[in-house]
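Colleague: Please read through the structure below; I'll follow up with questions.
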Ligand SMILES: NC(=O)C1=CN([C@@H]2O[C@H](COP(=O)(O)OP(=O)(O)OC[C@H]3O[C@@H](n4cnc5c(N)ncnc54)[C@H](O)[C@@H]3O)[C@@H](O)[C@H]2O)C=CC1
Ligand SMILES: O=C(O)C1=N[C@H](C(=O)O)C[C@H](O)C1
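Numbering (the UniProt record's numbering), first residue to last: 1 to 265.
What follows is the structure, encoded as structure tokens:
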């Protein structure tokens, strides 16, 4: 069965890779794209998308109503991604959201909507298989090491901090690690922010520099030893096998799944 797909954010770093993925996958069809510009034009005509003959919409609701796709792949910005995911569900379209920056409350609301509409939806903070394994391994290690800090390193054009991956990692660790405040009880920041952000007492440090793509270290400390689990995405192609798996899987779901670890065998 051919899966008809709309991509939101096709001209972005991730969007371009997603367009290439859909083009080269036999059972995927690029039904349309949602962009901020070029309404009514065709993707192949705006430059840089040879062979991708799909109509461009700037109005997501009109796109879903006219094109009636099976799946939306959203790779935009946090505010836009939330709006698109909700609109998609309201139009009977299954969202696969790579966009990060959603709060737990927003994910909960989208879950309720997906269940009300009996539609599949996937929000994946990280589509790279290696990153998903890093998160799983970190959750495993947290049973044995309760002191942990996360350092995530990204390119300097990233809008959200901490990264969706770092937040998801901290959430997975918090599921198995007793809540605690780490470090010296009397420690004091002499420069605000020196100890990073904190999720359930787990410090998260965000580095933004040109040259990076997407990287994360989860460092555990115990008596006389440390354990570091690190993942590096060196190229955005690293995310595409996860996007493909999510699109195929969302067709068979009737609820929202948050995190690729739930669908990776
Ligand atoms: N889940 C994952 O594995 C990954 C997720 N991401 C996330 O994906 C999102 C996009 O990342 P990048 O591609 O690096 O960003 P980017 O800035 O290169 O691309 C975002 C695109 O969204 C478009 N956009 C903004 N508002 C729009 C609107 N109203 N309608 C349609 N398009 C709109 C922009 O024009 C831009 O082309 C971010 O939230 C990022 O954190 C990035 C890499 C991997
Ligand atoms: O913006 C990015 O680049 C990335 N965003 C995702 C995140 O916030 O975790 C996934 C990956 O780290 C790349």
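Think of the CB as a built atom: it goes at the ideal place given N, C-alpha and C, for glycine as much as any other residue. In this text, all values refer to a predicted model and were calculated from it rather than measured experimentally.
Give the DSSP-derived three-state secondary structure of residue 198 in the structure shown.
Modeller: Of the three classes helix, strand and coil, the one that applies to residue 198 here is strand, per DSSP.
Colleague: Would you call the stretch 124-144 and the stretch 49-57 touching, i.e. three or more CB-CB distances under 8 Å?
Modeller: Not touching, per the Cβ criterion.
Colleague: I need the boundaries of the alpha helix (DSSP H) containing residue 87, first residue and last residue.
Modeller: Counting along the chain, the alpha helix (DSSP H) containing residue 87 begins and ends at 78-90.
Colleague: Where are the alpha helix (DSSP H) runs, 4 residues long or more, that stay fully inside the stretch 30-79, in chain order?
Modeller: Entirely contained in the stretch 30-79, the alpha helix (DSSP H) runs reaching 4 residues are, in chain order, 60-67.
Colleague: What number of angstroms, rounded off, separates the C-alpha of residue 224 from the C-alpha of residue 148?
Modeller: Computed Cα separation, rounded: 14 Å.
Colleague: Do residue 249 and residue 263 have their beta-carbon atoms positioned less than 7 Å apart in this structure?
Modeller: Result yes, Cβ atoms of residue 263 and residue 249 sit closer than 7 Å.
Colleague: For residue 206, which three-state DSSP category applies?
Modeller: Residue 206 falls in the strand class under three-state DSSP.
Colleague: Consult DSSP for residue 142 and reduce its assignment to one of helix, strand or coil.
Modeller: Residue state, collapsed to three classes: coil.
Colleague: What are the boundary residues of the beta strand (DSSP E) that includes residue 148?
Modeller: 147-154 is the extent of the beta strand (DSSP E) around residue 148.
Colleague: Is residue 280 close to ligand 2? I mean its beta-carbon at under 6 Å from any heavy atom of the ligand.
Modeller: For the chain, the structure presents residues 1 to 265; residue 280 sits outside this window and is missing.
Colleague: Less than 6 Å between the CB of residue 32 and some heavy atom of ligand 1, yes or no?
Modeller: False, no ligand heavy atom lies under 6 Å from that Cβ.
Colleague: Using three-state DSSP, classify residue 212 as helix, strand or coil.
Modeller: Residue 212 falls in the coil class under three-state DSSP.
Colleague: Tell me whether residue 9 counts as near ligand 1, meaning its Cβ is closer than 6 Å to at least one heavy atom of that ligand.
Modeller: Correct: residue 9 has its Cβ closer than 6 Å to ligand 1.
Colleague: Specify the secondary structure class of residue 191 as computed by DSSP and reduced to three states.
Modeller: DSSP places residue 191 in coil when its eight states are reduced to three.
Colleague: With DSSP as the reference, please indicate the residues paired to residue 225 in a beta bridge.
Modeller: Paired residue(s): 222.
Colleague: Once you ignore the five residues that flank residue 178 on each side, which residues in its own chain have a CB closer than 7 Å to its CB?
Modeller: Excluding positions up to five away in sequence, the list reads 146.
Colleague: Identify whether residue 112 lies in helix, strand or coil by the three-state DSSP scheme.
Modeller: Helix.
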